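Working notes for the structure below.
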Amino acid sequence: MTYATEELLISTIAHLLDGLKHIAVGVLSPIPGSAALLAASRSATIKKVSIIGSMKEPYRLDGAVDLFDCAAQGRIDAFFLSGGQIDGQANVNLTGIGQYPNQDTRWSGAFGSAYLYFLVPKVILFREEHTRRVFVPKVDFISAPGTSAPNVYRPGGPYALVTPLCLFSFNRTRECFRLESIHPGHTVEEVRDNTGFEFDLPASVPETAIPDSQTLQLIRNKVAPIIADPYPDFARKIWGV
Amino acid sequence: MTYATEELLISTIAHLLDGLKHIAVGVLSPIPGSAALLAASRSATIKKVSIIGSMKEPYRLDGAVDLFDCAAQGRIDAFFLSGGQIDGQANVNLTGIGQYPNQDTRWSGAFGSAYLYFLVPKVILFREEHTRRVFVPKVDFISAPGTSAPNVYRPGGPYALVTPLCLFSFNRTRECFRLESIHPGHTVEEVRDNTGFEFDLPASVPETAIPDSQTLQLIRNKVAPIIADPYPDFARKIWGV
Amino acid sequence: MNETITDIISLINQIDDGSKIAIFKDCSVPMSLGRGLIKRQARNLHLVTVPTGSFLPDMLIGAGCVSTIETAGVSLGEFGLANRFGSAIKKGSVTVLDATCPAIYAGLQASEKGIPFIPLRGLIGSDVLANREDFQIIDNPFEKDDPIAVLPAIQPDFTVFHAPMADQAGNVYLGRQAELKIMAHASKKTFVTVEKIVDFNIMDHEELGSASLSHLYVDGIAVASNGSWPLNLPGHYDYDRKTIQSYANAAKNQETFNSWIDIHLGKELNETG
Amino acid sequence: MNETITDIISLINQIDDGSKIAIFKDCSVPMSLGRGLIKRQARNLHLVTVPTGSFLPDMLIGAGCVSTIETAGVSLGEFGLANRFGSAIKKGSVTVLDATCPAIYAGLQASEKGIPFIPLRGLIGSDVLANREDFQIIDNPFEKDDPIAVLPAIQPDFTVFHAPMADQAGNVYLGRQAELKIMAHASKKTFVTVEKIVDFNIMDHEELGSASLSHLYVDGIAVASNGSWPLNLPGHYDYDRKTIQSYANAAKNQETFNSWIDIHLGKELNETG
Chain U
1 MTYATEELLI STIAHLLDGL KHIAVGVLSP IPGSAALLAA SRSATIKKVS IIGSMKEPYR
61 LDGAVDLFDC AAQGRIDAFF LSGGQIDGQA NVNLTGIGQY PNQDTRWSGA FGSAYLYFLV
121 PKVILFREEH TRRVFVPKVD FISAPGTSAP NVYRPGGPYA LVTPLCLFSF NRTRECFRLE
181 SIHPGHTVEE VRDNTGFEFD LPASVPETAI PDSQTLQLIR NKVAPIIADP YPDFARKIWG
241 V
Chain G
1001 MTYATEELLI STIAHLLDGL KHIAVGVLSP IPGSAALLAA SRSATIKKVS IIGSMKEPYR
1061 LDGAVDLFDC AAQGRIDAFF LSGGQIDGQA NVNLTGIGQY PNQDTRWSGA FGSAYLYFLV
1121 PKVILFREEH TRRVFVPKVD FISAPGTSAP NVYRPGGPYA LVTPLCLFSF NRTRECFRLE
1181 SIHPGHTVEE VRDNTGFEFD LPASVPETAI PDSQTLQLIR NKVAPIIADP YPDFARKIWG
1241 V
Chain F
2001 MNETITDIIS LINQIDDGSK IAIFKDCSVP MSLGRGLIKR QARNLHLVTV PTGSFLPDML
2061 IGAGCVSTIE TAGVSLGEFG LANRFGSAIK KGSVTVLDAT CPAIYAGLQA SEKGIPFIPL
2121 RGLIGSDVLA NREDFQIIDN PFEKDDPIAV LPAIQPDFTV FHAPMADQAG NVYLGRQAEL
2181 KIMAHASKKT FVTVEKIVDF NIMDHEELGS ASLSHLYVDG IAVASNGSWP LNLPGHYDYD
2241 RKTIQSYANA AKNQETFNSW IDIHLGKELN ETG
Chain S
3001 MNETITDIIS LINQIDDGSK IAIFKDCSVP MSLGRGLIKR QARNLHLVTV PTGSFLPDML
3061 IGAGCVSTIE TAGVSLGEFG LANRFGSAIK KGSVTVLDAT CPAIYAGLQA SEKGIPFIPL
3121 RGLIGSDVLA NREDFQIIDN PFEKDDPIAV LPAIQPDFTV FHAPMADQAG NVYLGRQAEL
3181 KIMAHASKKT FVTVEKIVDF NIMDHEELGS ASLSHLYVDG IAVASNGSWP LNLPGHYDYD
3241 RKTIQSYANA AKNQETFNSW IDIHLGKELN ETG
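Residue numbers (the working numbering), protein chains in the order written: chain U, 1 to 241; chain G, 1001 to 1241; chain F, 2001 to 2273; chain S, 3001 to 3273.
Spelled out as C-alpha cells, the structure:
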C-alpha cells in the first residue's frame, strides 16, 4: 500500500509509545496526536490519550492545572515538544531569535516546556522542518534545557527526535542524539547536510520501517475520524475526511 | 421583654460584628451562628455569613479548602473559636489535658485554630462554661497561641471573649484580657472567682446591654428559622421552633 | 467492562497492612469498606484524616487496625468525644501526628502538585508545630525577617471514599466534595465505593463532568449500596442518628465497643460480604 | 438588585491605568471589555496571561495599552504569531516577564492560598529562570542536595473574564473553566461580563453550583451579549474564524492593525457603548 509522509511519521512515533499508560499531546500537534491515537488503538496498556484543548471525552483533561499536576505526579508517560530551534544537547527554543529580551523574532514563549521536559519520562521532539535553521549548534534561548546537573530533580527528558528525514534517539548520559533510522528515500548525507549539530551514528543506519497495511488501515479507519475533530484541515488534507 | 441567656449572648456577640463584611462560623456554634445572622439582618455592610458545614445557600462555602484560602486572602473579617482551656494570653487548647502526647483526656484536636487565629482580624472566643477549669493560668497544650512575636505574619488574632458571665476584650499589645462588661445578675467577684487568669479591670465595670425588643424580634423572627436548619435541637430548646 | 470495576472484597484485600490511607471527614466516608477492613483484621494502618475524622477513624482505632493517625482532630461532633481515639492516645497504642485542617489540605495539595513541600501561614508558636518533627520554619526567601512554616507533601498510599455513582469507564461523580479530587490526585491509588454504576459517560455530561473525578485517578471501584451508612451521602441519604448514637454510647469503653462491632460486622457480612 | 451588577462602561472605568490584570488564555476572554479598555485608551497595564495569551493581549499591546506582560507565551495559535506582541518586544516598548504555564498557575495558586511563595519543579537551567530576577532557587529543606525553584505569589489587581451567566446575588457560572476560580481567588478584584443574568440562585442548583464562582469573589458584573466575540464561549458560540483571520492579517503591521481597530471599535461603540 502507498502511504503519505505524514502516515510514515505517525507510524514511526507510534512505535515509541508502545507499552505506555498515559500519553498527552499539546496544541497544534496533529501528527503526534494521530500517533498517540494509533498507539492506543492497538495497545492494551494505554489507558488514556489526553489532547490538550480538546473538550471531548475521553481526550479532554480536567483543565490545564490538572495536566501539569498530573505530570508532576508521574501520571503522564509521554509528551511531545517542538521548537523553533533545537540543538544537539536537546535544548529547545520556543521563545525567539536574537538577543533576549528584545529579540529580532519573537515566537510564542516557553509554554509548559521548562516543566514537562523535566517531569515526563519520554518527551518526543517532533519538527516537520529538518533544516540547519531549526537544528542549530546552540539555541539562542534555552526555553527548556535538554539535560540537567545530576542533583536536579528530573525523572523526565528527551527520548527521541522525529523529523521528515529520520528518527534520532537521545542518549541522556552522553547528552547527544543518535541517528536510529532514516526514512525511505533519504540518506545520511542529507541528514548531515541539514543538521547543524553533531550526532552519533551507527556503523550502518537502518531504514525506518514503513507502515504496514494493518497500520495504515488503523490510521485511516480509526485515527482519522477522531483527529478530524480537533484538526479538521489536517484530516481533510491527508485523508479527505 | 424578657429574654433567654442565649439571646443576651447572641445580642452581645452581634454588637462585635457591626460594620464587617464577611463572618464565618464553625461547626457546633449555634450562638455565634445566631449572632452572625442577627448582625447580618440589620447591617448593610455584611455581604456574607458562612456557616461551615452548611450545604445551603447563601451560608455554604465552596468546600473547606475555600474557607482557609479565603481567610488567608483577607476575605474573612470575623471567626469564632472556643477551647477546652483558654488562658490569660488567649492561648487556646483544643487538644487535651495532661502531658502530650499521651494525654489523660484527649479532646478533638486543633482543627483550623493555629491558622484562622493568625489570619482572621477579629477572632471572638466564646465558651458557655465560665469556670477555673476552662479559664486557666496556662493551657496544658497550645493548640493556637493568642499572641506572636512581632516578626510573625499575623494580621489576625483574639478580639474578645464572651462567656455567660461577661464580655472581655483582648489587648494585643498588653497581651491580656480586659473586663468590658458584666451581664445582668452577675458581679466582678463572681467573674474573678471563676477565672483562673489575671485580667485588666476598669475602675467601674458597666453592665452588658440587654437586647432591646427590636433585637429580640429580629432574633426570634429572622434568626431562629434560619439557625433551626443546622441546629434543630438548639432552636427547639430556645424558641420552640 | 473496565477492569477497575470490581467488588468490595477485592478492594479491601488490596489494602495491605501498614498502608497510609486518606479518609475524608464526615461525608463520602466509605463505611462499608471500613467495616470490611475491620473484618479482615487490617493492622498498622496510617490514617490521614482529611482534615478531621469522626466515626470511621474511631472504629478502626477501636478495632486495633491503626498504628498512626495524622489528623487535625477526631470527634463524633454533636455525639461527643471520639473515645476509642482518646483511649488509644492515653495508652500510647496509637501515634498521633497532630496538624491543622489547612495543613492537612496543604500537604495533600503539595503532593497533588508534585512539589516536595509547601509553605503555610499560622502554626508558629503552637504546640502543634513544636511536636511535629517533620514540620520546619524557614525564612521567606522573598521578604526579610518573615519566618514561615513549611510542611512536607502528604502522599497517601490509598484514598478511599464513597460516591453517588461511577460510569463504565471508571469516572466518578463526586458532587460538591471537591476535596476528594485533591485526595485522589495526591495518592498513589484511589479506591471508590459507589451507590451505582451508570451506563452513560459521566465526563461527557456538561454539568456532572466538572464535579467528577477522571478514571485516570481511579484504581478500583465497587458497588456498595448505602456505602456511607450510618453516615450520610449528601443529596442521597441522611445520617442514621439512632445507629450513630448507639455507637457513641458503646464506644465509651472497649468491651461495649467490641460487642457493638460484633453485631454490626455480622450485619455487614450478610449485606455486602 | 445587587450593587455589583452594573454596566460594562462602569467596569472599564474602574480599571485604572497601571493595573495588573489577569486574563484567561483562549476562552472566557472578555473581548467586549477589552475593546472598551482600548476605546478609553487605557495605559501602562500589566497583563498576566493565564497562562498564555492570544488575541486580547495582542490587541491591547497593539493599541498601546500595555507596559508589561507576564506570560508563558502569546500566539494566535493556528492563525500564526502574535505580531503586535512580537513587534513591541523587538522595539522594547513592552517588558516581557517570561514564565512557564505551570509557573503562572502556581504563582496564582500561591496568592489564592495566601502564601508568599511556592516551590515548583522544572525551570532550573532554563533561560526563562535566568531572566526572572524575581524567581529563586533554594534547597528543598526536606531533602539533601535538592535544588528547587521558588516563585513569588502573583496577585493581580483585577481578574476579568466573560462567562455564560450570573445570578442576582452575584454568583457566576463558569462551566468547565475551573482555572477562573483560581484567578478570582488570587486577585484583589474580579470583574465579569456575562451573556445573561438569571433569576434563580446559581449556587442553589446542585449541578451548576460546583462549577460556579461565589459572589464573595465577584466585585462587578455587566451583561455583554456575545462578550467573547470573535473568540468562543464553550457550549454557547464558536470562534468567528473570518474575523479572527482578518485580525491576524491586519496585525502584521501597525498601520493595518490601526485601521482594523478603528473599524471594530466603531462597531463596538454602537453595540455595547
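Yeah, the Cβ is synthetic: ideal placement off N, Cα and C, and Gly gets one too.
Source: prediction; values computed, not measured.
- Take Pro-3152 of chain S, set aside five residues on each side of it, and the residues of its chain with a beta-carbon closer than 6 Å to its own are Phe-3117, Asp-3134, in chain order.
- Apart from sequence neighbours up to five positions away, the residues of its chain that approach Tyr-159 of chain U with a beta-carbon distance below 8 Å are Leu-16, Ala-78, Pro-121, Lys-122, Val-123, Ile-124, Ser-169, Phe-170, ordered along the chain.
- For Arg-2132 of chain F, no chain S residue has a Cβ inside 9 Å of its Cβ, as the nearest lies near 12 Å away.
- With respect to chain G, the C-beta atom of Ile-2124 of chain F has a partner C-beta closer than 7 Å.
- Along the length of the stretch 2162 to 2226 of chain F, whole alpha helix (DSSP H) runs at least 4 residues long occupy 2179 to 2186, 2206 to 2209, reported in chain order.
- Residues Val-3172, Val-3194, Ile-3197, Ile-3221 of the same chain have their beta carbon placed closer than 6 Å to that of Ala-3166 of chain S, with the five preceding and five following residues left out of the count.
- Taking 7 Å as the CB threshold, Leu-2151 of chain F stays off the interface with chain U.
- Distance from the Cα of Thr-1173 of chain G is smallest, within the candidate group G:Ala-1110, G:Ile-1097, G:Gln-1089, for G:Gln-1089.
- Of the candidates G:Val-1188, G:Asn-1194, G:Leu-1037, the residue whose Cα lies closest to the Cα of Pro-1137 of chain G is G:Asn-1194.
- At a cut-off of 7 Å between beta-carbon atoms, Ile-2089 of chain F makes contact with chain G.
- Residues of chain G with a Cβ closer than 7 Å to the Cβ of Asn-3201 of chain S are, in chain order, Glu-1057.
- If you compare the alpha carbons of U:Arg-154, U:Asn-93, U:Asn-102 with that of Asp-3127 of chain S, the shortest gap goes to U:Asn-93.
- For His-22 of chain U, the enclosing beta strand (DSSP E) covers residues 22 to 25.
- Contact of Tyr-3105 of chain S with chain U is assigned, a C-beta pair being separated by under 7 Å.
- Bounds of the alpha helix (DSSP H) holding Val-65 of chain U are 64 to 72.
- Assigned with DSSP and collapsed to three states, His-1186 of chain G falls in coil, not helix or strand.
- Per the C-alpha coordinates, the member of U:Glu-6, U:Asn-151, U:Ala-144, U:Ser-34 positioned closest to Asp-3139 of chain S is U:Asn-151.
- The beta carbon of Leu-67 of chain U sits closer than 6 Å to those of Leu-61, all from its chain and outside the five residues before and after it, given in chain order.
- Listed along chain G are Thr-1105, Arg-1106, Trp-1107, Ser-1108, each with a C-beta nearer than 9 Å to that of Leu-2081 of chain F.
- For Leu-2233 of chain F, there are no C-beta contacts with chain S under 9 Å, since the nearest C-beta of that chain is about 13 Å from it.
- DSSP places Lys-3113 of chain S in no beta strand (DSSP E) but in the uninterrupted alpha helix (DSSP H) bounded by 3101 to 3113.
- Taking the Cα positions, Gln-3041 of chain S is about 36 Å away from Ile-1076 of chain G.
- Residue environment for Glu-2003 of chain F: exposed (fewer than 16 other C-beta atoms within 10 angstroms of its C-beta).
- If you draw a straight line from the Cα of Pro-3147 of chain S to the Cα of Leu-3123 of chain S, it is about 11 Å long.
- Between Thr-45 of chain U and the set U:Asp-18, U:Lys-56, U:Ala-24, the nearest pair of CA atoms involves U:Asp-18.
- Identification of chain U residues near Gly-2036 of chain F by a Cβ-Cβ cut-off of 8 Å yields none; the smallest Cβ-Cβ distance measures about 26 Å.
- Neighbours of Gly-3086 of chain S in chain U, taken as residues whose beta carbon is under 9 Å from its own, are Gly-96, Gln-103, Thr-105, Arg-106, Trp-107 in chain order.
- Looking at the DSSP output, Lys-122 of chain U sits in a beta bridge with U:Ala-78.
- Distances from the CA of Gln-2109 of chain F to each of F:Ser-2054, F:Val-2074, F:Glu-2143, F:Ala-2184 were compared; the closest alpha carbon is that of F:Ala-2184.
- If you compare the alpha carbons of S:Ser-3225, S:His-3205, S:Lys-3020, S:Met-3059 with that of Lys-3252 of chain S, the shortest gap goes to S:Met-3059.
- Boundaries of the beta strand (DSSP E) harbouring Thr-3071 of chain S: 3066 to 3071, taken from the DSSP string.
- The beta carbon of Gly-3053 of chain S is closer than 6 Å to those of Thr-3071, Val-3074 in its chain, skipping five residues each way along the sequence.
- Look at Thr-3100 of chain S: its C-beta is under 7 Å from a C-beta on chain U.
- Looking only at F:Arg-2176, F:Asn-2226, F:Leu-2216, the smallest Cα-Cα distance to Glu-2207 of chain F is reached by F:Arg-2176.
- Phe-1080 of chain G counts as buried, since at least 16 other C-beta atoms from the protein chains shown sit within 10 angstroms of its C-beta.
- Under a criterion of Cβ atoms nearer than 7 Å, no residue of chain U is adjacent to Glu-3207 of chain S; the nearest Cβ is some 16 Å distant.
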